[in-house]
Structure formats: structure tokens, C-alpha cells
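So the structure is just underneath, and the comments pick up after that.
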Amino acid sequence: MLQILENSAHVHLLLNHVPTVGFGIGLLIFLAGLVAKSDVLKRTSLVIFFLVAVVAIATYVSGNAAEAVLTGTGRADFPPGVSPAAIRVHEDAALLAFALMEVTGFFAWLALWQWRRVSAATPLAGWNLPIVLVLSLVTFGLMARAAELGGHITHPEIRVGGLRQGDVIQSFNGQPVTSEDGLRAMTAAAAAGSMANVGIVRDGKPETVAVELVDAAAAEKRAARTTDAASLGVRLIEPLTQELAAQYGLKPGAEGLMVAQVHEQGPQGPADTGTARAIGLWVTSVTWVWPTAETLHFVGLCMLFTVVVIVDLRMLGMIRSVPYSAVYQLLPIGMLGFGLNLITGILFFLGVPAQYVKNPVFYWKMVFVVLGGVNILYFMLVDEAWSVGAGEDAPFAAKVAAASAIFIWAAVLFCGHMLPFIGNSF
Amino acid sequence: MEILRALESSGFSIWVRESGSLWSFPGILLVHTYGMGIMVGLILAVDLSILGLVPALPLAPLQKFFPIVWTAFWLNAITGTILLAADATTKLRNPDFGVKMAFIVLAVINQRMIQKRLFGDTPSTTNGKALAWASIACWLGAITAGRLLAYVGGGVK
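Residue numbers (numbering that gives the first Met the number 0), protein chains in the order written: chain A, 0 to 425; chain B, 0 to 156.
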């Protein structure tokens with residue numbers, strides 16, 4: 000379990016290149032298709048947009064798991080170079096880009112669906128292609144911004160919020176630190192949210208780190224006799240004993256304050272503001288939101304199952320008198336149901352991210368959702384599925400794809416249902 | 000009331016409610032959810048087809064799915080009864096449970112009328128669209144009331 004959490008930061012770093020790079024490639028192919036008036040290129044780009052939008056779901060949720068690793072749920076310290084404020088800014092940018100990307104993916108899918116519905120021979124055209132163009136341009140810009148802001152989270156030369164347990168603070172903005180009261184007076188005079196250069200000794204080596212000051216805790220404010228004091232957000236050991244100095248590799252006689260503990264951001268701290276957190280708070284604090292979203296999640300499930308049952312059972316041999324092109328018309332119902340469940344699902348996720356990122360069943364659910372996205376493409380793009388006429392038996396590959404679809408969506412439902420029972424979600 | 004309490008404290012009900020096994024409450028509720036997805040999913044396709052939203056899809060062949068619809072319905076009647084027995088005193092005193100049952104009774108009557116009128120020996124489309132809308136409304140009501148059982152009136156969730 001811990002391994003999943005440890006790896007998820009790496010998973011996010013790996014997955015987050017898919018939306019940015021994939022979308023860039025898709026956009027280039029789309030523009031090339033428009034210039035060259037090539038339907039093959041346009042269609043290829045629509046497929047890329049759709050697939051990238053599906054993978055982006057996993058990317059977005061893996062971001063919160065990465066955050067849980069970086070900000071150390073259950074740990075007292077922030078690793079060096081990680082700023083909760085930078086994570087918050089990146090998260091909000093990513094949420095906006097993600098929302099736009101899902102809308103783009105939906106319209107790209109709809110354009111693909113319409114093209115096939117009319118006829119495989121008709122050129123790809125439609126009212127939604129300009130929509131896809133505008134949406135994909137905006138999404139790409141927002142993605143690039145989110146990616147750039149994400150890069151700020153850990154950057155060796157920025158080293159924001161870099162205090163760690165065991166650091167010995169020796170100076171604050173160039174002023175020597177000799178006592179906790181003296182340091183408190185210096186931080187209290189600065190503003191919360193501003194940056195300070197803190198001279199420290201870490202692992203026996205002196206260095207300077209930039210630290211974002213946070214709003215001081217109530218006790219610190221009382222001690223400083225002010226109501227708007229800033230603080231380093233750490234608990235200090237004073238005085239620094241010779242044993243501790245020796246243990247942390249300091250020169251004999253060195254002075255300073257040792258960091259005993261780095262406080263986690265409280266509910267009012269910078270890590271708990273921003274759009275994503277505000278939506279999450281709305282979901283969990285307004286009584287009717289969660290039950291309503293749950294109900295809609297079940298309605299979406301039924302709409303998705305309409306397609307799963309009818310289309311896939313047709314391929315497997317039921318209602319053989321109906322051609323594939325007829326059941327194909329049901330596909331948007333399933334896609335709307337999926338969209339409803341994506342929106343309500345993201346609301347649950349924003350409400351209580353921690354209960355999902357620590358839950359292995361949730362990872363399996365995301366894996367199956369991505370597989371479901373790949374699976375649907377078979378039923379849209381492959382001619383052998385499309386050419387199954389009235390009274391005809393579907394080819395073997397179509398039966399395999401249909402059986403896989405039933406398995407995949409049953410598995411998505413299974414994982415979602417088991418979240419509270421195998422994991423700890425509600 | 001005595002009989003409900005006896006039902007609730009039977010060995011089987013206690014196992015369902017308290018064993019912690021994935022085969023008990025979680026597994027039975029899972030089957031109930033699969034049944035709902037399959038039954039309402041199929042009924043929705045028929046309703047949308049009656050409403051003319053999927054013009055290329057002919058209505059008549061869809062009756063081949065009715066045996067699956069009723070199998071899923073009886074599966075849910077059984078799993079629903081087990082879930083009810085495990086929590087009889089609370090659920091039967093919860094007005095929301097009555098609302099759910101009322102919607103299901105109406106939906107079943109409505110579904111039988113759809114099958115008789117639109118798929119019978121002499122199919123007629125009289126009031127077909129009204130029946131289709133009523134079907135969608137009843138199942139939506141049943142799903143909503145059912146989902147809300149976890150949030151109102153207490154008891155096992």
C-alpha cells in the first residue's frame with residue numbers, strides 16, 4: 000500500500016507528459032489535416048484528443064496522490080524544495096486544463112461518431128470541428144500553463160519551503176539567530192506569504208534556503224503580542240545542546256536553533272485555499288451535494304449500461320436482425336452517462352481526495368476506465384464492426400471486443416462499489 | 000414489530016449485517032447494483048426507442064431483451080429482500096423506503112403495459128410516448144429514493 004503511495008509521485012510525473020505532449024501532437028496533426036484537407040489526419044487527431052482526454056482522468060487523480068507523497072500525509076516534514084503554495088497553484092491550473100480537456104475530448108468523440116454515422120465514405124465535416132479546434136487551442140494553452148506551474152513544485156534551485164527536521168537555523172535574512180525570541184521577533188515583523196532567506200546547517204553543511212512564511216499559530220501571535228504575525232511554521236529546540244550539535248555534525252560551539260518539527264498546514268493555511276479545495280469543501284459541507292451526486296452517478300451508470308448491454312449483446316449474437324449501424328446510434332447515450340459520472344466522480348474526488356489516493360481499488364478503477372476508453376474506439380473506427388448488417392453474425396474480433404467491454408465496465412462498477420468495503424472510502 | 004425484530008436477529012440477517020465478509024452485505028449490494036444497471040439500462044433503451052430518439056433502431060427486436068429485464072428484476076427482488084431483512088425495523092419505518100417501493104410498483108405496472116400494448120399480438124402506439132416518459136420517471140424516482148436510503152432514516156448503509 001505504502002509502495003503505491005511512494006510510486007504515485009513517479010506515476011504522476013510519467014502520466015503528466017501524456018496530456019501535454021499528446022495534446023500538442025494531436026493539435027499539430029489537426030492543423031495539418033485542416034491545411035492539407037486530409038480526413039485521415041483530422042480523424043487521427045480526433046482519436047488522439049479522445050484518448051488523451053481519457054488518460055488525463057488518470058493523470059489528474061494521480062496528481063493528488065503525488066501531492067500526498069510530497070507533502071507527506073502522516074509525516075511531519077516537507078521534503079526540501081516542495082512548496083505547498085506552488086502545489087495549490089498547479090492544482091487549480093491543472094483542474095481548469097483538465098475540465099477543458101474533457102470537453103474537448105467529448106466533442107472530438109462526437110465528431111468521430113457523427114462521421115461514422117453518416118457514412119464511412121463521406122468527408123469528415125460538421126459543426127463540431129470548429130468547436131474542437133477552438134477548444135483544443137485553449138486547452139493546449141491551459142495545459143502548458145499547468146505543466147509549467149507543476150515544474151515549479153520541485154526545482155532544485157528554487158528550494159522553496161526548504162526547512163527539514165534536524166536543520167539548525169543560524170541566520171534569518173542575513174541577521175544572526177541566537178534565540179527563539181529573537182527569531183520570532185524577526186519573522187513576526189515580516190508578512191505571511193512572503194519569502195525569507197534562512198541560513199541553516201544541514202547534514203553538517205551550511206546552506207541558505209528560501210522559506211515561505213506562513214500565518215503564525217495563535218500561541219505564537221500571543222507570544223509576539225500581535226495579531227498578524229508570520230512564522231516559519233516550525234517547532235524549535237532551544238537551547239542547542241552539545242550532544243545534539245555533535246549528532247547533527249555541527250562544529251563544537253556552534254550556535255543556532257534546531258528544527259524539531261515542521262508543522263503541517265492547518266485548515267486555514269495556504270495549502271487549503273484555491274478553486275479545487277473550495278469545490279471540495281462545497282461537496283463535503285453542503286448537505287445535499289454528496290447524496291445528489293451519488294444519485295446522478297447511479298443514473299449515469301444506467302445510461303452507460305444501456306450501451307454496454309445492447310451494443311455488446313448484439314455483437315455476441317442477440318437481436319441479430321438489427322444491423323450494427325442501428326445499435327451504434329445508442330453510443331452517445333453511454334457517452335453522456337460516462338460524462339455525468341466523470342463530473343460527479345470528480346466532485347467526490349475533490350471532496351475527499353485522501354480516501355481515494357490511498358485506496359488500491361481506486362487505482363484499478365482508473366485502469367479499467369482507461370481500458371474502456373480504448374475499447375470503445377474499436378466500435379467506432381474498425382470497419383469490420385461497422386459492416387455487420389441485419390441478420391449477420393459479428394466477426395470473432397468484434398465478439399472479443401464486446402465481451403471485453405462487458406468485463407471492463409463490470410469491473411469499473413465492481414471497483415467503484417468496493418471502494419468502501421475493500422478500501423476505506425465512503 | 001415482533002416479527003421484524005425476529006427477522007432482523009436471525010442468524011442469516013446478522014451474518015449479512017455484521018460478518019464483515021465481502022460475500023455478505025457488500026456482495027449482495029453489488030449484485031443489486033449490477034441488476035439495476037442491466038434492468039434500467041435495457042428499459043431505458045426501449046423507452047428512448049419508443050420516444051423516437053434512436054430512429055434507426057427498430058422497436059420490435061428489443062423484446063428479446065425482456066427475459067433479461069425480468070431476470071434482473073427478480074434478482075433484485077431477492078437481493079433487496081435479503082438487504083431488507085438485515086435491517087427490517089429501520090428500513091420499514093423509513094418513509095423513503097415506502098417511496099422507493101411505490102415507484103417500483105408503478106414502474107412494474109407501467110413496464111407490463113408497455114410490453115402488452117407496444118409489443119403484444121396487435122401492437123399499438125397509442126399513449127406509447129406517455130408510457131415511455133412514465134417509465135423513465137418511475138425508474139429515476141426509484142433510483143433516487145433507493146440511493147437516498149443510505150442518507151436518510153439511519154440503519155445499515
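C-beta: ideal position from N, C-alpha, C; glycine also.
Taking 8 Å as the CB-CB cut-off, is glutamine 264 of chain A touching chain B? Translated into the one-based positions of the first sequence, residue 264 of chain A becomes position 265. Reliability of the predicted coordinates at glutamine 264 of chain A is poor, the pLDDT of 44 falling under 50, and no value is obtained from them.
Looking at chain A, is there any beta carbon in it that lies within less than 8 Å of the beta carbon of leucine 41 of chain B? Along the second sequence, one-based indexing puts residue 41 of chain B at 42. With 8 Å as the cut-off, leucine 41 of chain B counts as an interface residue toward chain A.
Give me the Cβ distance between proline 322 of chain A and valine 368 of chain A, rounded to the nearest whole Å; I'm assuming they're in contact under 8 Å. What you label residue 322 of chain A is simply residue 323 of the first sequence in a count that begins at 1. What you label residue 368 of chain A is simply residue 369 of the first sequence in a count that begins at 1. With 8 Å as the limit, proline 322 of chain A and valine 368 of chain A do not qualify as a contact, their Cβ atoms being about 29 Å apart.
Out of curiosity, what's the CA-to-CA distance linking aspartate 76 of chain A and aspartate 202 of chain A? In the first sequence, counting from the first residue as 1, residue 76 of chain A sits at position 77. In the first sequence, counting from the first residue as 1, residue 202 of chain A sits at position 203. Confidence in aspartate 76 of chain A is poor, its pLDDT being 46 and thus under 50, which makes the residue's placement unreliable; the coordinate value appears in the next sentence. Each residue's alpha carbon lies about 16 Å from the other.
In three-state terms, what does DSSP make of glutamine 267 of chain A? Taking the first residue of the first sequence as position 1, residue 267 of chain A is located at position 268. Per-residue confidence for glutamine 267 of chain A stands at a pLDDT of 35, beneath the threshold of 50, marking its modelled position as unreliable; the derived number appears in the next sentence. Reduced to three states, the DSSP call for glutamine 267 of chain A is coil.
Run down chain A in chain order and give the residues with a C-beta less than 8 Å from the C-beta of lysine 63 of chain B. Along the second sequence, read from residue 1 onward, the residue named residue 63 of chain B stands at position 64. Ordered by position in chain A, the residues that pass the 8 Å Cβ test against lysine 63 of chain B are Met317, Ile318.
Determine the contact status of alanine 444 of chain A and alanine 93 of chain A, defining contact as a CB-CB distance below 8 Å. Absent from the model: residue 444 of chain A. The displayed extent of chain A is 0 to 425, so no value can be given.
Any C-beta of chain B under 8 Å from that of phenylalanine 297 of chain A: Against the first sequence, residue 297 of chain A aligns to sequence position 298. Yes, contact with chain B.
Quick one: what's got a C-beta closer than 7 Å to proline 266 of chain A's C-beta in the same chain, skipping five residues either side? Numbered from 1 along the first sequence, position 267 holds the residue referred to as residue 266 of chain A. Summary for proline 266 of chain A: the model assigns pLDDT 33, below 50, so the residue's position carries little reliability; its value from the coordinates is reported in the next sentence. Result list for proline 266 of chain A: empty, nothing under 7 Å.
Starting from phenylalanine 171 of chain A, follow its DSSP beta bridges and name the residues at the other end. In the first sequence, the residue the question calls residue 171 of chain A occupies position 172. Phenylalanine 171 of chain A is bridged to A/Gln174, A/Val197.
Can you name the residues that DSSP bridges to serine 230 of chain A? Taking the first residue of the first sequence as position 1, residue 230 of chain A is located at position 231. DSSP, once it has assigned bridges, lists A/Val213 as partnering serine 230 of chain A.
Can you name, in chain order, every residue of its own chain whose Cβ lies under 8 Å from the Cβ of valine 151 of chain B, other than the five neighbours on each side? Taking the second sequence and counting its residues from 1, one reaches residue 151 of chain B at position 152. These residues qualify, in order along the chain: Asn93, Asp95.
Taking the alpha helix (DSSP H) that tryptophan 22 of chain B falls in, what are its first and last residues? Taking the second sequence and counting its residues from 1, one reaches residue 22 of chain B at position 23. From DSSP, tryptophan 22 of chain B is part of no alpha helix (DSSP H); its letter is neither H nor E.
Cβ-based neighbour list, tryptophan 281 of chain A, same chain, cut-off 6 Å, excluding 5 preceding and 5 following: Mapped onto the first sequence, residue 281 of chain A falls at position 282. Hits under 6 Å: none found.
Local Cβ density within 10 Å of threonine 124 of chain B, reported as buried at 16 or more and exposed below that: One-based indexing of the second sequence puts residue 124 of chain B at position 125. Classification of threonine 124 of chain B: exposed, given that the 10 Å Cβ count is below 16.
If the cut-off is 9 Å on Cβ atoms, which residues from the region 301 to 312 of chain A count as contacting chain B, listed in chain order? Cys301, Met302, Leu303, Phe304, Thr305, Val306, Val307, Val308, Ile309, Leu312
DSSP state of methionine 257 of chain A mapped onto helix, strand, coil: Translated into the one-based positions of the first sequence, residue 257 of chain A becomes position 258. Residue state, collapsed to three classes: strand.
Cα-Cα separation, isoleucine 86 of chain A to leucine 147 of chain B: Here residue 86 of chain A refers to the residue found at position 87 when the first sequence is read from its first residue. Here residue 147 of chain B refers to the residue found at position 148 when the second sequence is read from its first residue. Approximately 36 Å, taken between the alpha carbons.
State the beta-bridge partners of glutamate 206 of chain A as determined by DSSP. Here residue 206 of chain A corresponds to residue number 207 of the first sequence, with the count starting at 1. Glutamate 206 of chain A pairs with A/Ile199.
Whose C-beta lies closer than 6 Å to the C-beta of leucine 1 of chain A among residues of the same chain, with five residues either side of it excluded? Numbered from 1 along the first sequence, position 2 holds the residue referred to as residue 1 of chain A. For leucine 1 of chain A, the predicted model reports a pLDDT of 45, less than 50, meaning its position is unreliable; a value from the coordinates is still stated below. Correct list: empty, nothing qualifies.
Three-state secondary structure assigned by DSSP to leucine 58 of chain B: Translated into the one-based positions of the second sequence, residue 58 of chain B becomes position 59. Residue state, collapsed to three classes: coil.
Please state the DSSP three-state secondary structure of cysteine 235 of chain A. Locating residue 235 of chain A in the first sequence gives position 236, where the first residue counts as 1. The residue you asked about is not cysteine; residue 235 of chain A is leucine in the sequence shown. Looking at leucine 235 of chain A - three-state DSSP - the assignment turns out to be strand.
Name, going along the chain, the residues of the region 397 to 413 of chain A whose beta-carbon falls closer than 8 Å to a beta-carbon of chain B. Ala409, Leu412, Phe413
Can you check whether the C-beta of proline 394 of chain A is within less than 8 Å of a C-beta belonging to chain B? To locate residue 394 of chain A, count along the first sequence from 1; it is residue 395. No, its Cβ sits nowhere closer than 8 Å to a Cβ of chain B.
Quick one: measure Cβ to Cβ for alanine 275 of chain A and glutamate 90 of chain A, integer angstroms, because I've assumed they're closer than 8 Å. The sequence position of residue 275 of chain A within the first sequence is 276, counting from 1. The sequence position of residue 90 of chain A within the first sequence is 91, counting from 1. Yes, they are in contact, since the Cβ atoms of alanine 275 of chain A and glutamate 90 of chain A sit about 5 Å apart, within 8 Å.
Taking Cβ positions only, does phenylalanine 420 of chain A come closer than 8 Å to chain B? Start at 1 with the first residue of the first sequence, and residue 420 of chain A comes out as number 421. So yes, phenylalanine 420 of chain A belongs to the interface.
Ordered list of beta strand (DSSP E) runs contained in the region 27 to 54 of chain B, each at least 3 residues: none
From the beta carbon of isoleucine 342 of chain A, is the nearest beta carbon of chain B less than 8 Å away? Within the first sequence, numbered from 1, the residue matching residue 342 of chain A stands at position 343. No, isoleucine 342 of chain A lies away from the interface with chain B (no Cβ there is under 8 Å from its Cβ).
Between valine 167 of chain A and leucine 239 of chain A, how many whole angstroms is the CB-CB distance? I'm expecting something under 8 Å. Against the first sequence, residue 167 of chain A aligns to sequence position 168. Against the first sequence, residue 239 of chain A aligns to sequence position 240. About 7 Å separates the two Cβ atoms, so the contact holds.
Three-state secondary structure (DSSP) of serine 134 of chain B: The residue labelled residue 134 of chain B in the question sits at position 135 within the second sequence. If DSSP states are grouped into helix, strand and coil, serine 134 of chain B belongs with the helices.
Can you tell me where the alpha helix (DSSP H) holding alanine 393 of chain A begins and where it ends? Counted from its first residue, the first sequence places residue 393 of chain A at position 394. Taken as a continuous stretch (DSSP letters only), alanine 393 of chain A belongs to no alpha helix (DSSP H), as it is neither H nor E.
Residue ranges of each alpha helix (DSSP H) run of no fewer than 4 residues wholly in the region 70 to 138 of chain B, ordered along the chain? 87 to 91, 94 to 118
Please check the pair leucine 50 of chain B and alanine 141 of chain B, which I expect to be a contact at CB under 8 Å, by giving their CB distance rounded to whole angstroms. The residue you call residue 50 of chain B lines up with position 51 of the second sequence. The residue you call residue 141 of chain B lines up with position 142 of the second sequence. 19 Å between Cβ atoms; not a contact.
With 8 Å as the threshold, decide whether the Cβ of glutamine 328 of chain A is near any Cβ in chain B. To locate residue 328 of chain A, count along the first sequence from 1; it is residue 329. Judged by the 8 Å Cβ criterion, glutamine 328 of chain A is in contact with chain B.
Considering only the beta carbon of each residue, do alanine 229 of chain A and valine 210 of chain A sit closer than 8 Å? Indexing the first sequence from 1 puts residue 229 of chain A at position 230. Indexing the first sequence from 1 puts residue 210 of chain A at position 211. No, Cβ-Cβ distance for alanine 229 of chain A and valine 210 of chain A is not below 8 Å.
Considering only the alpha carbon of each residue, which of A/Val310, A/Cys301, A/Val10, A/Phe106 lies closest to tyrosine 377 of chain A? Along the first sequence, one-based indexing puts residue 377 of chain A at 378. Ranking the options by Cα distance to tyrosine 377 of chain A, first place goes to A/Val310.
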